[in-house]
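S.K.: Residue numbers (my numbering), protein chains in the order written: chain P, 16 to 195; chain Y, 31 to 595.
Using N, Cα and C, we set each Cβ at its ideal position, and we do this for glycine too.
Being a predicted model, the structure only gives us computed values, none of them experimental.
Provided herewith is a single structure, encoded as structure tokens, for subsequent inquiry.
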């Protein structure tokens, strides 16, 4: 059965590694639902957060193929309930909507969203949350004809109390030193 | 450590020498000219072999790697030079062959501008390399080359491509070289887990009908002795994959033959009778497993493997033993009971009897007028005392050669397994001969594959390489024709070949040769080829429509192996 998995990849910061990682999915005809890449808490180590809808079996295989890449430090997979995750969405709404009634204000308050910028032509609203929430807000705001809408890829952290990566890097260094 | 000022190009050559490289296969061109210029001064330290096509260079490097166990090195220029390497790199990737491929690239300010002979070599080689890297400054060269060799040759080996821009080749640096010993993000092999060894040993000790399947992992791990000791102690019959061939002498009492689509009857049929399967350094390719859902259903599977991504990829392992086969086999041998399985081994011999009656005898000692591929292979193997290196191309002749050549020494079988690259053998034989100059190298090639890289006759002639080339000519793309006969109602769509006079072509290159069309001339013909001092081309006219059997049709179970059509 296919379900959402969050794949987390820790890698060295090398040019081409994004292609090397995503091509593992392409080759197996797996669609990437979202992808976020940024530097992790450890300088020089980059973190990919990739969301796919797949079977567990196929997800495990993909993760081991990613981990096989020379510049990849470690790859994990988690189900949604094993992680805390968020996405951020931005909405551009015509300014008139704000003046004509208090509806937009109420929607923003209820959604826990915030207003980033107001100009003579439009207002930009920001909302973080799960996809259903940001999508829900879009549908409510679209009554006023949303001019632009953008949602980010997912960012996620585990429910573990410790940052596993630093522990992992220490173990890895000790292990590689013990090899010679 | 002392340093000296050199150019990037000189640093590259010095780095290769530091890595023990003695032979480079390559083809010059605009974007790699500074490297070739530097090479000119090092002709005593390192040989460069000019092939006639970049595909020839990369297959030669593969042949070299397969007989030496060390990385093969090839050079090509940017653009078309680099793209011509891709087939060989893909071949090396799927067959775990260590390569270091160096490509020239346009100067870094021109990257991405569609400059003359620019192509995105790093981008296009990503899926077919174990690692690749673009060097844009001379200072990077020693360290990157050290990493390239470390990655190519350690763990599960594979091809590495290093793309060097022209300005980096011209640039200067202070040269010092340090071999790479570790890379933080890369674990070449995991230590063998003693608990897994215990679990595996328990299964093996309790097994009634155990079967060992061995692949190239035994050869790559230099674990031939450990492997032999293991099967001899446990008395378990052992069957080989195409690339595992020659890891165990063919006449070993526990060697029960070849797995897969055109393998032997016994090991295929009895896979589905086995109660424990011990897979050593093999990856359950679809040509080996046939229909996966009906594969080895009665067996618990123990998988000894260096690459974690291979575990459970096709066949679920009940016990996965990660690590280097040399270490895991030794530990396993220490933990298993001495045993024998004479009744079980006898069942393989019963199957051999049937296969011999129905197929082998007719193939090796035919009574019909037309020559068979099998008799050519049998005589050649006998006359070389089964000690030659066999380089085979892809197709019917490859299956026949693998089935019947018989080996005494490891690293003696060079063929394109996973990718099935026609045109592989002739250039690979060049590399094999350079890698093993004292051994007889026999290249067995079909008339189709021979014409794909025929230009490498020039490389063989120029270097006076004593390669013995046998063309098994049936004037057909034989394997495709066999499938058309069996599965496409004999609709021979574009498989018949109108061939040139191969012997005359050989003579044009300055290579001696002759053609055999009748059985009474075959023995002498092969003898003449083997007695000849230099390169030799022997063409043998084979029965046009012979088929390779046994055969497991695509999608059928291994136990449904066909002995005849």
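1. If we ignore side chains and look at the alpha-carbon of each, how far apart do residue 382 of chain Y and residue 294 of chain Y end up?
2. Give the DSSP bridge partners of residue 64 of chain P, in chain order.
3. Is the closest heavy atom of the ligand GTP to the C-beta of residue 100 of chain Y under 7 Å?
4. Determine the closest residue to residue 16 of chain Y out of Y/499, Y/85, Y/537, Y/578, with distance taken between C-alpha atoms.
5. According to the neighbour-count rule (16 or more other Cβ atoms, all chains shown, within 10 Å of its Cβ), is residue 509 of chain Y buried or exposed?
6. If you measure from the beta carbon of residue 139 of chain Y to each beta carbon in chain P, is any gap under 8 Å?
7. Return the first residue and the last residue of the beta strand (DSSP E) that residue 228 of chain Y is part of.
8. Cα-Cα, which of P/19, P/137, P/189 is closest to residue 97 of chain P?
9. Could you have a look at residue 276 of chain Y and say whether DSSP puts it in helix, strand or coil?
10. Using the beta-carbon of each residue, which ones in chain Y are nearer than 8 Å to residue 88 of chain P?
11. Going along chain Y in order, which residues have a C-beta closer than 8 Å to the C-beta of residue 76 of chain P?
12. At what residues does the alpha helix (DSSP H) containing residue 104 of chain Y begin and finish?
13. How would you write the range of the alpha helix (DSSP H) that residue 500 of chain Y sits in, first residue to last?
14. Identify the continuous beta strand (DSSP E) that holds residue 531 of chain Y and give its terminal residues.
15. Does residue 336 of chain Y come within less than 8 Å of chain P when only Cβ atoms are used?
16. What does the alpha-carbon distance come out to for the pair residue 548 of chain Y and residue 473 of chain Y?
17. What does the alpha-carbon distance come out to for the pair residue 148 of chain P and residue 126 of chain P?
18. Which first and last residues belong to the alpha helix (DSSP H) in which residue 550 of chain Y is found?
19. Can you name, in chain order, every residue of its own chain whose Cβ lies under 8 Å from the Cβ of residue 80 of chain P, other than the five neighbours on each side?
20. Measuring CB to CB, does residue 477 of chain Y end up less than 8 Å from residue 504 of chain Y?
21. Residue 191 of chain P CB to nearest chain Y CB: under 8 Å?
22. Counting only beta-carbon atoms, is residue 537 of chain Y nearer than 8 Å to chain P?
23. So with Cβ pairs under 8 Å, would you call residue 374 of chain Y a contact of chain P?
24. Quick check on residue 155 of chain P: does DSSP put it in helix, strand or coil?
25. Along chain P, in chain order, which residues have C-beta atoms closer than 9 Å to that of residue 153 of chain Y?
26. Tell me where the beta strand (DSSP E) around residue 462 of chain Y begins and ends.
27. Using the Cα positions of residue 43 of chain P and residue 94 of chain P, report the straight-line distance between them to the nearest angstrom.
28. If I measure Cβ to Cβ from residue 170 of chain Y and keep anything under 8 Å in the same chain, skipping five residues before and after, which residues do I get?
29. Anything in chain Y within Cβ reach of residue 44 of chain P, meaning under 7 Å, just list it in chain order.
30. Near residue 222 of chain Y, which residues of its chain fall below 8 Å by C-beta distance, leaving aside the five closest residues on each side in sequence?
31. Just to confirm before moving on: does the CB-CB distance between residue 77 of chain P and residue 30 of chain P stay below 8 Å?
32. Based on DSSP bridge pairs, tell me the residues matched to residue 101 of chain P.
33. Given 8 Å as the limit, is there contact between the stretch 457-466 of chain Y and the stretch 507-525 of chain Y, that is, 3 or more CB pairs closer than that?
34. If you measure between the beta carbons of residue 406 of chain Y and residue 570 of chain Y, is that distance less than 8 Å?
35. Is residue 131 of chain P helix, strand or coil when you go by DSSP?
36. Just to confirm, is the Cβ distance from residue 254 of chain Y to residue 277 of chain Y under 8 Å?
M.R.: In this structure, then:
1. 8 Å
2. P/23, P/51
3. Questions concerning the ligand GTP fall outside what the structure shown contains, since it holds no ligand whatsoever.
4. This structure cannot settle anything about residue 16 of chain Y, because the visible part of chain Y is limited to 31 through 595.
5. buried
6. no
7. Segment 224-236 is the alpha helix (DSSP H) holding residue 228 of chain Y; no beta strand (DSSP E) there.
8. P/19
9. coil
10. 214, 215
11. 339, 342, 343
12. Careful: residue 104 of chain Y lies outside any alpha helix (DSSP H), inside the beta strand (DSSP E) at 102-106.
13. Unbroken run through residue 500 of chain Y is the beta strand (DSSP E), 498-503; no alpha helix (DSSP H).
14. Looking at the DSSP string, residue 531 of chain Y is not in any beta strand (DSSP E), and its letter there is neither H nor E.
15. no
16. 21 Å
17. 8 Å
18. Element bounds for residue 550 of chain Y: n/a, residue is neither H nor E.
19. 39
20. yes
21. yes
22. no
23. no
24. helix
25. 31, 34
26. Element bounds for residue 462 of chain Y: not the beta strand (DSSP E) but the alpha helix (DSSP H), 455-465.
27. 20 Å
28. 198
29. Within chain Y, no residue comes near residue 44 of chain P; the closest Cβ sits about 14 Å away, beyond 7 Å.
30. 351, 352, 353, 354, 357, 358, 361
31. no
32. P/170
33. no
34. yes
35. strand
36. yes
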